[in-house]
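Colleague: In mature numbering (1 follows the signal peptide of the UniProt record, and there is no 0), the protein residues as written are -15 to -1, 1 to 173.
Quick one: this structure, given as structure tokens, is what I'll be asking you about.
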């Protein structure tokens, strides 16, 4: 019995620990975001491009940070969305969380889920002392950028408060202001 217990303990020590990952360099998704304190929900399309590493809407004021799980995040394990009974009815995700300090010295707590194989975001919830709880869900994710002109804001959005608010909602996401090049709101 003792050899079995020792083997089990060695397995725990030697087993690989989960490591934060980085999303692919280009992808698009539909997103829904809700901020409770403001009672605002925004739906739209998100296009992410870390190849160009620029933003045509706002100047970059910090070093680029890829869309990824924060390096200091804590792993909460893996789980299946759907049923693990059949590979075609489920998605293996990894859960991460922690806290970080914003440039204005606010501490934000967060938890996020990511696809296990490709490190694409599934959901993200953060609690900010000024903005309250926000939640983002990502869906219909596809690789690459379908239209390179998506990073040029349409004329009607260049002065739109709604567009700017949608963009600012995403800026709160895990303090990754530089990771998302642009969000276009699908609603008028």
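Each residue gets a CB set at the ideal place from its N, CA and C atoms; glycine is no exception.
(1) May I ask which residues mark the beginning and end of the beta strand (DSSP E) holding residue 108?
(2) Which residues mark the beginning and the end of the beta strand (DSSP E) in which residue 93 is found?
(3) Just to confirm, is the Cβ distance from residue 98 to residue 108 under 8 Å?
(4) State the beta-bridge partners of residue 70 as determined by DSSP.
(5) Determine whether the beta carbon atoms of residue 111 and residue 90 lie at a separation below 8 Å.
(6) I need the boundaries of the beta strand (DSSP E) containing residue 27, first residue and last residue.
(7) What does DSSP give as the partner residues of residue 15 in its beta bridges?
(8) Can you tell me whether residue 62 is buried or exposed, with buried defined as 16 or more other CB within 10 angstroms of its CB?
(9) What does the alpha-carbon distance come out to for the pair residue 32 and residue 13?
(10) Tell me the rounded alpha-carbon separation between residue 125 and residue 103.
(11) Report yes or no: do three or more beta-carbon pairs, one from the region 9 to 28 and one from the region 116 to 124, lie closer than 8 Å?
(12) Straight-line CA distance for residue 36 to residue 79?
(13) Report all residues from its chain with a CB closer than 6 Å to the CB of residue 122; omit the five preceding and five following residues, and keep chain order.
Modeller: On the basis of the coordinates in this document:
(1) 106 to 113
(2) 92 to 100
(3) yes
(4) BP columns for residue 70 are empty, so no partner.
(5) no
(6) 25 to 34
(7) 30, 124
(8) exposed
(9) 4 Å
(10) 14 Å
(11) yes
(12) 25 Å
(13) 17, 108
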